[in-house]
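See below for the structure under consideration.
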Amino acid sequence: VRAVRVFRILRFVRELRLMVASVICSLPSLMWACIFLFFVLFLFSMFIISDVSNHIQSQGTVDSALNDFYGSLGGSMVSLFMAITGGHDWRDILKPLQEINYYFYTLFFLFYVSFTVFGVMNVLTAIFVESASRISEIDRDLVIQEQISATSSSVDALKKVFRDADVDNTNLLNKKQFEAHLKDSDVRAYLRFLELDVFEARGLFQMLDTQDKGVVDIDDFVVGMMRLKGAARGYDLAWLMQDMTKNSVRLDAFMKFVEDQFKELVKDEVGRLEHREVQMKSLQDYIRHFEITSKTSQKRLSHLGVQATHGSRSSISTVKKALKRLGTSRLNRDSGSAASQSGWASFTSSVPTDW
1 VRAVRVFRIL RFVRELRLMV ASVICSLPSL MWACIFLFFV LFLFSMFIIS DVSNHIQSQG
61 TVDSALNDFY GSLGGSMVSL FMAITGGHDW RDILKPLQEI NYYFYTLFFL FYVSFTVFGV
121 MNVLTAIFVE SASRISEIDR DLVIQEQISA TSSSVDALKK VFRDADVDNT NLLNKKQFEA
181 HLKDSDVRAY LRFLELDVFE ARGLFQMLDT QDKGVVDIDD FVVGMMRLKG AARGYDLAWL
241 MQDMTKNSVR LDAFMKFVED QFKELVKDEV GRLEHREVQM KSLQDYIRHF EITSKTSQKR
301 LSHLGVQATH GSRSSISTVK KALKRLGTSR LNRDSGSAAS QSGWASFTSS VPTDW
């Protein structure tokens, strides 16, 4: 239970949690480092054991120090490991081997210590550092906290920079104050430090000033500047694509509405034209029938006397006046249509002039 409480405390101590997370993250690399070091010790021990065995067979006697350090393969590996980790002074480990061959084993041991300490151990240390730096793979909460802390500090710093230009303490930034503040070299340098561009700041000011009043809210301006920081993120691109999709759908709906309305207008206009064409056709048929009837009547009246002709002319004049009144009323109903006027003109021209 106490151990569990200790781990709970780690959540609130950032530095301690960072160290524990780094150790846990480097455990896989530590395992492979131990395996690699084991093979190095094994190869050097095999060579030493082979030479020590030949020396013992040729001499017939075994030195106690040689037997202690190199009496077996495991003992030899432990001795070599102590020589590079400080478990035992490597000069004492070297002395039994110098009795076999002084110069050879002196150079051999110097090579072994240099290779393992300056080569293998430094490489393993670099691997541990690289593994410990990838904490995000094991402790995402810590990375999130660091990102939130960095973002919060940047937002606070930006607010402080632009609130210094707000001399009225209204939390509003007008264009004159904004331009004057951007001319300050310290402000420009600080914006560059935050990876923000002065020209983008001016463009954002104009974008947020939707009512052309020359005034923007400082909080809104800082949030916009943080969104402009760095390259476009996935969220910004997704939001832009979603907004474009919505606008495209609205535009398609509007175009369909306009098309339907246009079709209705065209349909109504075509219906009116067809109706007028039918009226004009019936009027033309009526005119033809009247012409035929008038010609027949004129032939019959030609066989009668002049008086009858004069009386017929009076009757026909009466008919002509009535037809003109009929045509005038029809033209008024058609609101002065050009087609109706042309039809009535053809009708009046068909009436004989001698009536």
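Each residue of the sequence shown is one higher than the one before, counting from 1 in UniProt numbering.
No residue lacks a Cβ here, since even glycine has one placed at the ideal position from N, Cα and C.
Model, not experiment: these values are computed from the prediction.
C-beta atoms of residue i and residue j nearer than 7 Å
| i | j | result |
| --- | --- | --- |
| V223 | L172 | no |
| F128 | S29 | yes |
| F69 | L41 | no |
| S45 | M77 | yes |
| F178 | F205 | yes |
| S79 | I93 | yes |
| L158 | M207 | no |
| P96 | L73 | no |
Nearest to residue i (by Cα), restricted to the options the options
| i | options | result |
| --- | --- | --- |
| F108 | D89, I48, M280 | I48 |
| R202 | V161, M82, F221, H55 | F221 |
| D51 | D268, V270, D168, Q98 | Q98 |
| Q166 | H181, D89, K256, E195 | The amino acid occupying residue 166 in the given sequence is Asp; Gln does not appear at that position. That would be H181, whose Cα lies nearest to the Cα of D166. |
| M121 | G60, L37, T106, S154 | L37 |
| I218 | E277, G60, D156, M241 | D156 |
| K175 | D209, L251, V270, N169 | D209 |
| D164 | D184, S154, S153 | D184 |
| S152 | L194, T116, D168, A189 | L194 |
Where residue i sits in the DSSP three-state scheme
| i | result |
| --- | --- |
| residue 443 | For the chain, the structure presents residues 1 to 355; residue 443 sits outside this window and is missing. |
| K295 | helix |
| D89 | coil |
| D184 | coil |
| S50 | helix |
| V1 | Caution is warranted here: a pLDDT of 49 is assigned to V1, below 50, making its placement in the model unreliable, and the coordinate value is therefore given only provisionally. Note: V1 maps to coil in three-state DSSP. |
| F162 | helix |
| G60 | coil |
| N169 | coil |
| S26 | coil |
| G119 | helix |
| N101 | coil |
| S72 | coil |
| L194 | coil |
| L18 | helix |
Neighbour-count burial assignment, residue i, 16 or more Cβ in a 10 Å radius
| i | result |
| --- | --- |
| A33 | buried |
| T85 | exposed |
| F257 | exposed |
| I287 | buried |
| V161 | buried |
| S26 | buried |
| R272 | exposed |
| A21 | buried |
| T293 | exposed |
| S131 | buried |
| R17 | buried |
| L196 | buried |
| T245 | exposed |
| A83 | buried |
* **3-residue-minimum beta strand (DSSP E) runs that sit fully inside the UniProt domain "EF-hand" (196 to 231), ordered along the chain** => Segments of the beta strand (DSSP E) lying fully in the UniProt domain "EF-hand" (196 to 231): 215 to 217.
* To do: Quick one: which unbroken beta strand (DSSP E) runs of 3-plus residues sit fully inside the stretch 232 to 278? Chain order, please.
  => Runs of the beta strand (DSSP E) lying entirely within the stretch 232 to 278 and spanning at least 3 residues: none are present.
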